[in-house]
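Taken in order, these protein sequences are the chains called A and B. Every position in the first sequence, counted from 1, becomes a number in the working numbering once 101 is added. Every position in the second sequence, counted from 1, becomes a number in the working numbering once 101 is added. Glycine is no exception: its CB is placed at the ideal position from the N, C-alpha and C atoms. In this text the structure is predicted, and so the values were computed from the model without any measurement. Quick notes on the structure that follows.
2 protein chains.
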Amino acid sequence: MPVNYATPAPSALYPIAGVRLGVAEAEIRKKHRKDLTLIALDAGATVAGVFTLNRFCAAPVQLCRAHLAAGAGIRALVINTGIANAGTGEPGRQAAQATCAAVAKLLGIAPEQVLPFSTGVILEALPVDRLIAGLPAAQASLAADHWHAAAHAIMTTDTVAKAASRRLQVQGKTLTITGISKGAGMIKPNMATMLGFMATDAGIAQPLLDELVREAADASFNCISVDGDTSTNDSFIMIATGKGELAFASGQEPGWTEVRAALIDVARELAQAIVRDGEGATKFITVTVEGGKHRGECRQVAYAIAHSPLVKTAFFASDPNLGRILAAIGYAGIADLNVEDVKVWLEAAGQSVLVSEQGGRAATYAEAAGAAIMANAEITVRVHLGRGEATASVYTCDLSYDYVKINADYRS
Amino acid sequence: MPVNYATPAPSALYPIAGVRLGVAEAEIRKKHRKDLTLIALDAGATVAGVFTLNRFCAAPVQLCRAHLAAGAGIRALVINTGIANAGTGEPGRQAAQATCAAVAKLLGIAPEQVLPFSTGVILEALPVDRLIAGLPAAQASLAADHWHAAAHAIMTTDTVAKAASRRLQVQGKTLTITGISKGAGMIKPNMATMLGFMATDAGIAQPLLDELVREAADASFNCISVDGDTSTNDSFIMIATGKGELAFASGQEPGWTEVRAALIDVARELAQAIVRDGEGATKFITVTVEGGKHRGECRQVAYAIAHSPLVKTAFFASDPNLGRILAAIGYAGIADLNVEDVKVWLEAAGQSVLVSEQGGRAATYAEAAGAAIMANAEITVRVHLGRGEATASVYTCDLSYDYVKINADYRS
Numbered sequence: 102m103p104v105n106y107a108t109p110a111p112s113a114l115y116p117i118a119g120v121r122l123g124v125a126e127a128e129i130r131k132k133h134r135k136d137l138t139l140i141a142l143d144a145g146a147t148v149a150g151v152f153t154l155n156r157f158c159a160a161p162v163q164l165c166r167a168h169l170a171a172g173a174g175i176r177a178l179v180i181n182t183g184i185a186n187a188g189t190g191e192p193g194r195q196a197a198q199a200t201c202a203a204v205a206k207l208l209g210i211a212p213e214q215v216l217p218f219s220t221g222v223i224l225e226a227l228p229v230d231r232l233i234a235g236l237p238a239a240q241a242s243l244a245a246d247h248w249h250a251a252a253h254a255i256m257t258t259d260t261v262a263k264a265a266s267r268r269l270q271v272q273g274k275t276l277t278i279t280g281i282s283k284g285a286g287m288i289k290p291n292m293a294t295m296l297g298f299m300a301t302d303a304g305i306a307q308p309l310l311d312e313l314v315r316e317a318a319d320a321s322f323n324c325i326s327v328d329g330d331t332s333t334n335d336s337f338i339m340i341a342t343g344k345g346e347l348a349f350a351s352g353q354e355p356g357w358t359e360v361r362a363a364l365i366d367v368a369r370e371l372a373q374a375i376v377r378d379g380e381g382a383t384k385f386i387t388v389t390v391e392g393g394k395h396r397g398e399c400r401q402v403a404y405a406i407a408h409s410p411l412v413k414t415a416f417f418a419s420d421p422n423l424g425r426i427l428a429a430i431g432y433a434g435i436a437d438l439n440v441e442d443v444k445v446w447l448e449a450a451g452q453s454v455l456v457s458e459q460g461g462r463a464a465t466y467a468e469a470a471g472a473a474i475m476a477n478a479e480i481t482v483r484v485h486l487g488r489g490e491a492t493a494s495v496y497t498c499d500l501s502y503d504y505v506k507i508n509a510d511y512r513s
Numbered sequence: 102m103p104v105n106y107a108t109p110a111p112s113a114l115y116p117i118a119g120v121r122l123g124v125a126e127a128e129i130r131k132k133h134r135k136d137l138t139l140i141a142l143d144a145g146a147t148v149a150g151v152f153t154l155n156r157f158c159a160a161p162v163q164l165c166r167a168h169l170a171a172g173a174g175i176r177a178l179v180i181n182t183g184i185a186n187a188g189t190g191e192p193g194r195q196a197a198q199a200t201c202a203a204v205a206k207l208l209g210i211a212p213e214q215v216l217p218f219s220t221g222v223i224l225e226a227l228p229v230d231r232l233i234a235g236l237p238a239a240q241a242s243l244a245a246d247h248w249h250a251a252a253h254a255i256m257t258t259d260t261v262a263k264a265a266s267r268r269l270q271v272q273g274k275t276l277t278i279t280g281i282s283k284g285a286g287m288i289k290p291n292m293a294t295m296l297g298f299m300a301t302d303a304g305i306a307q308p309l310l311d312e313l314v315r316e317a318a319d320a321s322f323n324c325i326s327v328d329g330d331t332s333t334n335d336s337f338i339m340i341a342t343g344k345g346e347l348a349f350a351s352g353q354e355p356g357w358t359e360v361r362a363a364l365i366d367v368a369r370e371l372a373q374a375i376v377r378d379g380e381g382a383t384k385f386i387t388v389t390v391e392g393g394k395h396r397g398e399c400r401q402v403a404y405a406i407a408h409s410p411l412v413k414t415a416f417f418a419s420d421p422n423l424g425r426i427l428a429a430i431g432y433a434g435i436a437d438l439n440v441e442d443v444k445v446w447l448e449a450a451g452q453s454v455l456v457s458e459q460g461g462r463a464a465t466y467a468e469a470a471g472a473a474i475m476a477n478a479e480i481t482v483r484v485h486l487g488r489g490e491a492t493a494s495v496y497t498c499d500l501s502y503d504y505v506k507i508n509a510d511y512r513s
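This is how it looks when you write it as structure tokens:
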């Protein structure tokens with residue numbers, strides 16, 4: 102059961118002019134499930150992406166990078182679940198190339214115009230023949246209103262499909278954004294691949310979109326995982342079809358601020374949905390660190406808290422075990438941190454409780470007040486380092502029995 | 102149930118001339134349990150220690166550092182469980198000082214000759230009056246053969262008392278070493294304080310002992326935790342009483358190599374016992390990384406594998422989920438790692454199975470062979486990076502349901 106998250110209804114996911122999606126059963130690893138998604142783009146779209154920094158990056162990730170760099174104009178994305186096509190060496194690269202070639206032939210485009218994505222078990226060979234055999238059915242189901250179906254088809258250990266959509270007026274013109282994501286990892290998900298695909302009908306020049314996708318990832322998917330500390334297949338793609346009423350050649354044009362904010366907001370919603378559906382999660386936790394000298398050290402402290410299995414089990418137990426939070430702050434690696442200047446609050450449902458200051462328990466703190474906060478399903482840990490003006494937030498969930506169960510059983 | 106570990110019998114723990122130990126019930130946090138340990142040293146012992154790098158380090162750790170630096174000659178150690186006296190600010194420092202003063206008064210020594218240690222719940226005040234009231238009983242029980250009782254009295258969430266002892270001949274003379282430790286954290290234990298106390302009857306000059314304690318920690322307690330990534334109270338102390346037949350003024354003297362090796366070996370046994378008693382552990386896992394350019398990068402990769410909750414749950418499930426191991430190697434942070442050069446073996450009970458090479462599954466690997474290795478309680482993951490000659494090992498355990506249960510329930 103995800104924490105305060107339900108898949109939006111199909112009708113709540115606005116189609117994006119210039120994008121059609123189709124799904125099919127290709128029996129990649131199991132029968133009788135939609136495991137193949139094809140996304141076709143009209144000519145003229147700009148596409149940008151950010152990918153895992155894992156050295157064992159999957160074959161499709163290698164191809165995505167090459168095809169985006171080729172600059173031939175991306176016209177299709179193909180996504181399979183079941184097998185990650187990672188740790189598969191040269192045969193894996195050939196399988197990903199064959200996939201792109203098959204999509205290209207079907208759609209009458211070049212292989213370099215296709216981006217491939219895979220998620221699932223790694224170190225096993227992709228059954229590329231079955232994948233290719235499934236493509237005509239995916240093509241036959243291509244439709245602008247199939248975002249909901251695609252959100253379902255890219256799921257692996259996810260318990261709910263994840264999608265978000267917005268329609269708003271900017272400069273008197275309509276902007277539409279729709280996206281889907283998958284992933285059910287807790288923070289630092291290692292192998293629980295995160296995929297995110299977003300499209301807008303605005304036109305966005307390639308350099309501006311390249312910048313925006315990095316910025317959006319930094320405020321969303323990178324706030325639930327650490328740079329580099331990612332699965333073999335993590336990918337986040339932003340598509341600007343240019344078929345709508347707005348178009349941007351540069352960030353100086355009027356309306357860009359609103360469009361940029363709306364796109365980042367959808368990316369954050371898609372990323373947070375992954376945490377809300379965290380394996381075994383019963384709580385959604387925001388860790389906000391303020392008062393740092395720079396953003397980097399704020400993130401460092403926020404991740405130390407968010408990664409601590411002891412902090413995460415305390416949240417599962419609804420136990421205001423502040424000592425575990427202080428210890429995480431203490432070992433986060435700020436060598437000259439003055440613990441006397443650190444303050445910590447627990448916050449939920451509009452309540453804020455100062456729990457620690459001057460290197461210990463706050464004089465005003467009563468355990469009952471902390472326990473009341475911990476009983477909520479959405480909790481913020483707010484830390485002030487007392488060293489500067491920088492701030493950062495990361496999102497995580499608690500660590501429960503079910504996390505162990507899910508990950509011990511994943512392959513069986 | 103610890104993995105292949107049982108507390109040595111009292112008779113297997115050799116007394117160390119110049120060391121007496123006493124225990125008592127002080128009702129620090131609970132009634133009817135031995136929670137106070139006093140260790141008295143004859144004059145002339147040298148003592149050295151390494152301590153947590155956590156910025157929220159506990160009051161007793163601060164005092165230990167100051168008292169060792171004072172150089173007045175350490176004559177006593179006092180250890181309480183129940184309350185960690187960490188995150189307690191100025192009142193906490195006063196409580197630790199009052200403890201040292203009371204021990205000093207009782208034994209007729211100076212407060213600077215006392216090292217205090219605490220372990221237990223943090224952010225709660227140490228009931229220093231009850232601690233001091235318990236000291237006479239601890240003093241009354243001082244005896245050279247109370248190592249076993251002391252090993253029990255320093256336990257917190259430990260399921261077994263941890264101790265190790267050696268008696269060997271070096272240069273025709275007898276060397277005796279005995280030590281105890283506590284801690285039940287998995288690797289990266291954060292808050293599960295590790296304490297280690299070792300004594301030998303050899304005489305070891307202060308500079309040599311200072312060097313040795315760091316070296317021993319590096320090969321033992323620091324191989325189950327990361328530098329800096331430690332609890333508020335972690336402490337490791339080495340005592341050389343000089344009451345035996347051997348004495349060393351420098352590392353050049355004959356016999357030092359054997360003595361050094363024996364001391365490090367006992368430290369490693371005490372540290373490994375902590376992993377074997379890891380919270381909820383069902384397996385003891387050695388991660389050995391070879392072929393690195395330097396030891397640092399070998400440790401980095403070893404820790405990435407050992408810290409991954411996904412790798413650890415796979416071991417719990419006896420699932421040879423190699424993908425999770427490869428992914429951890431890939432995100433360990435070696436930016437120029439060539440994954441084609443990496444090899445991975447699973448080893449147990451004298452069997453070695455090559456599972457991965459050339460960026461993927463080894464051609465010779467059969468899942469049944471991997472599964473057979475994973476069925477053992479003691480497993481080695483051996484990685485060769487193919488970049489150089491350096492090597493490093495770390496020790497960890499699996500992540501089970503019981504880990505969550507223990508840590509969710511710890512305070513209740």
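Note down, in chain order, every chain A residue with its Cβ under 7 Å from the Cβ of residue i.
i	result
Gln540 of chain B	Any property of residue 540 of chain B remains undetermined from this structure, which presents chain B solely from 102 to 513.
Ser332 of chain B	Ala428
Thr414 of chain B	Val505, Asn508 and Ala509
Give me whichever residues DSSP pairs with residue i in a beta bridge.
i	result
Tyr496 of chain A	A:Thr387
Leu447 of chain A	A:Val454 and A:Val482
Gly304 of chain B	B:Ala348
Leu122 of chain A	A:Ile140 and A:Ala244
Look at the alpha carbon of residue i and the alpha carbon of residue j, and state the distance between them as a whole number of angstroms.
i	j	result
Arg400 of chain B	Ala493 of chain B	6 Å
Asp55 of chain B	His253 of chain B	Nothing can be reported for residue 55 of chain B: it is not among the residues displayed for chain B, which extend from 102 to 513.
Ser513 of chain A	Thr257 of chain A	Model confidence at Ser513 of chain A stands at a pLDDT of 40, short of 50, so the residue's coordinates are unreliable; what they give is reported in the following sentence. If I take the Cα positions, the gap works out to 14 Å.
Leu486 of chain A	Gly392 of chain A	5 Å
Leu142 of chain A	Gly471 of chain A	51 Å
Pro103 of chain A	Asp378 of chain A	4 Å
Ala177 of chain B	Thr138 of chain B	10 Å
Ala464 of chain B	Thr220 of chain A	23 Å
Pro116 of chain A	Pro217 of chain A	22 Å
Asp442 of chain B	Glu448 of chain B	20 Å
Asn422 of chain A	Ala239 of chain B	31 Å
Val495 of chain B	Ala403 of chain B	6 Å
Arg121 of chain A	Val261 of chain A	22 Å
Ala113 of chain B	Glu380 of chain B	26 Å
Ala160 of chain B	Ile435 of chain A	19 Å
Val314 of chain B	Glu359 of chain B	15 Å
Val367 of chain A	Lys384 of chain A	21 Å
For residue i, return the contacting residues in chain A, with the cut-off set at a CB-CB distance below 8 Å.
i	result
Gly193 of chain B	Gly461
Pro111 of chain B	What Pro111 of chain B touches in chain A: nothing, since even the nearest Cβ is about 33 Å away.
Residues of chain B with CB under 8 Å from residue i, in chain order?
i	result
Thr481 of chain A	Simply none; closest approach about 20 Å.
With 8 Å set as the bound, which would you pick, yes or no: does the beta-carbon of residue i sit closer than that to a beta-carbon of chain C?
i	result
Leu500 of chain B	Considering every chain present, this structure includes no chain C. Its protein chains are A and B.
Could you name the residues of chain B that residue i contacts, counting a contact when the two beta carbons are closer than 7 Å?
i	result
Leu423 of chain A	Leu224
Mind listing the chain B neighbours of residue i? Cutoff is C-beta to C-beta under 9 Å, in chain order.
i	result
Ala125 of chain A	Under the 9 Å cutoff, chain B gives no residues; its nearest Cβ is about 25 Å from Ala125 of chain A.
Report the residues of the region 205-221 of chain A with a CB closer than 7 Å to any CB of chain B, ordered along the chain. Look at the region 205-221 of chain A: it has no residue with a C-beta under 7 Å from a C-beta of chain B.
Residues of the region 429-446 of chain B whose Cβ lies closer than 9 Å to any Cβ of chain A, in chain order: Against chain A - using a Cβ distance shorter than 9 Å - the residues of the region 429-446 of chain B are Ala429, Ile430, Gly431, Tyr432, Ala433, Gly434, Ile435, Ala436, Asp437, Leu438, Asn439, Val440, Glu441 and Val443.
Three or more C-beta pairs below 8 Å linking the region 222-235 of chain B and the region 190-199 of chain B: Here the region 222-235 of chain B makes contact with the region 190-199 of chain B; the two share three or more CB pairs at distances below 8 Å.
Compile a chain-ordered list of the residues in the region 390-401 of chain B whose CB is closer than 9 Å to at least one CB of chain A. Listed in sequence order: no entries.
In chain order, what residues of the region 224-258 of chain A put their CB closer than 7 Å to some CB of chain B? Residues Leu224.
Can you confirm whether the region 453-462 of chain A touches the region 502-509 of chain A when touching is taken to mean that 3 or more C-beta pairs between the two stretches lie within less than 8 Å? Inter-segment contact for the region 502-509 of chain A and the region 453-462 of chain A is absent: fewer than three beta-carbon pairs are separated by less than 8 Å.
Across the region 336-343 of chain A and the region 300-320 of chain A, are there enough close Cβ pairs to call them in contact, namely three or more that are closer than 8 Å? Enough Cβ pairs lie closer than 8 Å, so yes.
Using 8 Å as the cut-off, can you tell me whether the region 311-320 of chain B makes contact with the region 276-283 of chain B, which would need three or more C-beta pairs spanning the two stretches below that distance? The region 311-320 of chain B makes no contact with the region 276-283 of chain B, as fewer than three CB pairs between them are under 8 Å.
Closer than 8 Å is the cut-off here; do at least three beta carbon pairs connect the region 421-441 of chain B with the region 184-194 of chain A? Pairwise C-beta distances place the region 421-441 of chain B in contact with the region 184-194 of chain A, as three or more of them are shorter than 8 Å.
Compile a chain-ordered list of the residues in the region 464-493 of chain A whose CB is closer than 7 Å to at least one CB of chain B. Within the region 464-493 of chain A, no residue qualifies.
Which residues, taken in chain order from the region 146-158 of chain A, show a beta carbon closer than 9 Å to some beta carbon of chain B? Those would be Thr153, Leu154, Asn155, Arg156, Phe157 and Cys158, in chain order.
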